[in-house]
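The next block holds one structure in the form of structure tokens; read it before the comments.
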Amino acid sequence: MRLFNPRIDEWNACFDFVLSPTSEAARIVAKNDIGRATVTRLRMNAPHAVRARWLWFLTYALESEFLSD
Numbered sequence: 078m079r080l081f082n083p084r085i086d087e088w089n090a091c092f093d094f095v096l097s098p099t100s101e102a103a104r105i106v107a108k109n110d111i112g113r114a115t116v117t118r119l120r121m122n123a124p125h126a127v128r129a130r131w132l133w134f135l136t137y138a139l140e141s142e143f144l145s146d
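This note's numbering puts the first residue of the sequence shown at 78, with every later residue one more than the last.
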């Protein structure tokens, strides 16, 4: 199975972005075979990636909150 190609594939057709505040995680969930192959091969939900994604989300959310004042 081929991997996701942003030039020909649509992100929303292949993946969902799932936030889990209780576990402080931000995971990528595959929606089809291309998404599953990509998530697995690129280890998109490895612990370090999930944690980093969560921290990036928090940083952006806080930045947006302060900039909107």
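Ideal Cβ placement from N, Cα and C applies to all residues, glycine included.
Only counting the same chain, and skipping five residues up and downstream in sequence, which positions put a Cβ closer than 6 Å to that of residue i?
| i | result |
| --- | --- |
| V106 | D93, V95 |
State the CB to CB distance for the pair residue i and residue j, rounded to an integer number of angstroms; the pair is presumed to be in contact (CB under 8 Å).
| i | j | result |
| --- | --- | --- |
| R104 | N122 | 5 Å |
| N109 | A90 | 7 Å |
CB residue i to CB residue j, shorter than 8 Å?
| i | j | result |
| --- | --- | --- |
| A126 | R120 | yes |
Between residue i and the rest of its own chain, which residues show a CB-CB distance below 7 Å, the 5 nearest in sequence each way excluded?
| i | result |
| --- | --- |
| L132 | none |
| R118 | L80 |
Based on Cα-Cα distance, which residue from the options lies nearest to residue i?
| i | options | result |
| --- | --- | --- |
| E101 | K108, I111, R130 | R130 |
| E87 | I111, P98, V116 | I111 |
Regarding residue i and the ligand SAM, is the C-beta to nearest heavy atom distance less than 7 Å?
| i | result |
| --- | --- |
| S97 | As presented, the structure is devoid of all ligands, the ligand SAM included, so that no description of it is given. |
Kindly list the residues whose CB is nearer than 8 Å to the CB of residue i, restricted to its own chain and excluding five residues on each side of it in sequence; keep chain order.
| i | result |
| --- | --- |
| T136 | none |
| F134 | L96, A103 |
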